[in-house]
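What follows is a set of notes on a single structure, which appears directly below.
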Amino acid sequence: MRVVSDSAELFRHVSAEKAAFYRCIMDVFAAAKRQYRLQLRPDEVLAEARWPDAPPRIEDVSTALTQLAAWGNLESQPDTARVSSLSDFYRARFLYRLSQGGEAVEAALALFVQTLQRRAELQTVALEDIASRLQALRTLADAPEADVAKIHETLRDLVRVFESLAENAQAFMAGVARSIELPQAEADAVASYKRRLIDYLERFMGDLVRRSDTIASLIVVLEPKIDALLQQVAAREARDAAPGDAQDRADAQTLYRTAWRERWTGLRGWFFRSGHEPSQAELLRARARSAIPQLLGAIAALNERRSGRSDRSADFRVLGGWFAGCADDGEAHRLARATFALNPARHFSLNTDAEADLPASTRWADAPPLTIHPRLREYGEAAPRGALARVRDRAEARARLALELAEESLQIEAARLRLATGQPTRLSDLGELDVHAFHLLLGLLGEVLTEQIGPDSSAQRQTGDGLLHISLTPLTADSQATIRTPHGLFAGRDHLVTITPTRDSR
């Protein structure tokens, strides 16, 4: 067995001249390892490899196998199983298998490809799984006799789902920033993708709002019992520690318990504030919310670009053509003054006394110099004249504004209580609505109509804040609904609407 002194030799086949040829061979050995086949012969490699072109000669495969063994990716040993004569015995025949370094390289390359091809996602299902695992852990904690094996299994599942959620959420939000500036493509396709991405973010934020309170309440219930549960799990894991004295076993149990406590602290920090710092769920929600205006801005920029508006570089190129077409210097100077706003601006009256007798058409070069106050140069404003204005007491205005906001909030809540009854109601039966109730109804109808496939199909949707669920069913085509509002009449086809508050909003 060859001892590889330099681990870089193991990656030589990736950048070698025949890199594709070597990778075809190493893929065969990686597949053989997954199939629990320990050794391969050159003719088996030749038959099983996926060659991009015509299959090579067996001699070329043998030479490549020898080179891979020299680099340390493979191990070889004499093949005596097929020897039938003395001449066959003296002929060089070898069996090849992956070396320890070769297995590490294949695992690293597979992980590298998997990471590049992975599409990060916001896992709303993971939130549901976390809630179900916490509920199961609560049931196990309340049991008269502790089932440590079941507790250990539930905690492992909980940690695995949570780590996947956190990792994918971090990768997805980093990818959102990159997707805002997509490569050049069809404008319609880019705009459509960004609209779908906005809908995807809105659905996740709604689910995050609903699930976070449920998960947080379960964590609060488990908090008094979690230390005992983690201690039992750590003691169970310590039984598999390497042999040692009593102190080694105690140290192993302490190490396992510390690791589980850190995992639980990370889970808790995702849904609870740490001092003045917001929770990770709040940060994720804020990051997703801030990405929506950026995506909308990117879509607006695409629409403006598609509308044929010229950019600044194109304007300067056109301007350069105009300058080149000027008949003389005088015409070029007039063009420059008109283009860059170099016409006289004495009417700004920076020095009124000196400019009293100067007409507005006076050139700067012919006019007397202006006296600029140092304060204007330093602070961008001239020295104030006269006494400073008295500071106004705005306490009364702030109190009035707070009262108006409180009244508006009460009116909106009253409108929500009137509409969100959870019972099917015809639009024609709503009668007269005040301003706040009418605006709330319009907003809800606008959200649910985005889910409607056609004018005769039903639709339902949860609002973006996750507080209300609305279902809309159109009635007959000749039906008519009229709603009276302070602004006039709102009329149209009658629908059956059901507005239900979610459990977390009550």
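Be aware that the sequence shown starts at 12, since it is given in the working numbering, and climbs by one per residue. We put the beta carbon where it would ideally sit given N, CA and C, even for glycine. On a predicted model such as this, the values are computed, not experimentally measured, just so you know.
* With a floor of 4 residues, list each alpha helix (DSSP H) that falls wholly inside the stretch 30–83, ordered by position along the chain. => 30–45, 53–59 and 69–82
* Secondary structure of R495, DSSP reduced to three states -> strand
* R298 to A180 span [Cα, whole Å] -> 11 Å
* To do: Determine the direct distance from the alpha carbon of R472 to that of S482, and round the result to whole angstroms.
  => 7 Å
* At what residues does the alpha helix (DSSP H) containing S420 begin and finish? -> A406 to L430
* Given a cut-off of 9 Å, decide if L486 and R437 are closer than it, judged by their beta-carbon atoms. => yes
* Asked: Among L346, F173, A352 and T511, which one has its Cα closest to the Cα of G277?
  -> F173
* Nearest-angstrom Cα separation, counted from E458 out to L500 -> 21 Å
* Asked: What does a CB cutoff of less than 7 Å around F32 pick up in its chain, not counting 5 residues either side in sequence?
  -> A75
* Environment of R414 [buried if 16+ CB atoms lie within 10 Å] -> Reading off the sequence, residue 414 comes out as Leu, not Arg. Exposed.
* **Euclidean distance between Cα positions of H344 and A335** => 12 Å
* To do: In angstroms with no decimal places, state the Cα-to-Cα distance between I36 and P89.
  => 19 Å
* What is the rounded straight-line gap between the Cα of L240 and the Cα of I162? -> 7 Å
* Asked: Pairing CB atoms from the stretch 260–273 with CB atoms from the stretch 235–249, are three or more of them under 8 Å?
  -> yes
* **Cutoff 8 Å; reference H506; Cβ partners in own chain excluding five residues on either side** => R437, L438, L483, T484, P485, L486 and A492
* To do: Inspect the beta-carbon positions of L219 and G477 and report whether they are closer than 9 Å.
  => yes
* Asked: So, is the C-beta of G113 closer than 9 Å to a C-beta in chain B?
  -> Included in the structure is just one protein chain, with no chain B present.
* Asked: Got a sec, what are the start and stop residues for the beta strand (DSSP E) T265 sits in?
  -> Element bounds for T265: not the beta strand (DSSP E) but the alpha helix (DSSP H), A257 to F282.
* **Cβ neighbour criterion (16 or more within 10 Å) applied to R221** => buried
* Asked: What residues match up with Y107 in a beta bridge as DSSP calls it?
  -> L51 and S87
* Take A245 as the anchor and find which of A30, R274, L120 and E288 has the nearest alpha-carbon. => R274
* To do: Evaluate I230 with the Cβ neighbour count: other Cβ atoms within 10 Å of its Cβ, from every protein chain shown; 16 or more gives buried, anything less gives exposed.
  => buried
* **Option nearest G433 by Cα separation, candidates S175, P385, I510 and A378** => I510
* To do: Helix, strand or coil for I230, going by three-state DSSP, please let me know.
  => helix
* Is it a yes or a no for the stretch 144–152 touching the stretch 48–65, going by three-plus beta-carbon pairs under 8 Å? -> no
* Asked: Hey, out of V508, E418, D445 and Y47, whose CA is closest to P497's CA?
  -> D445
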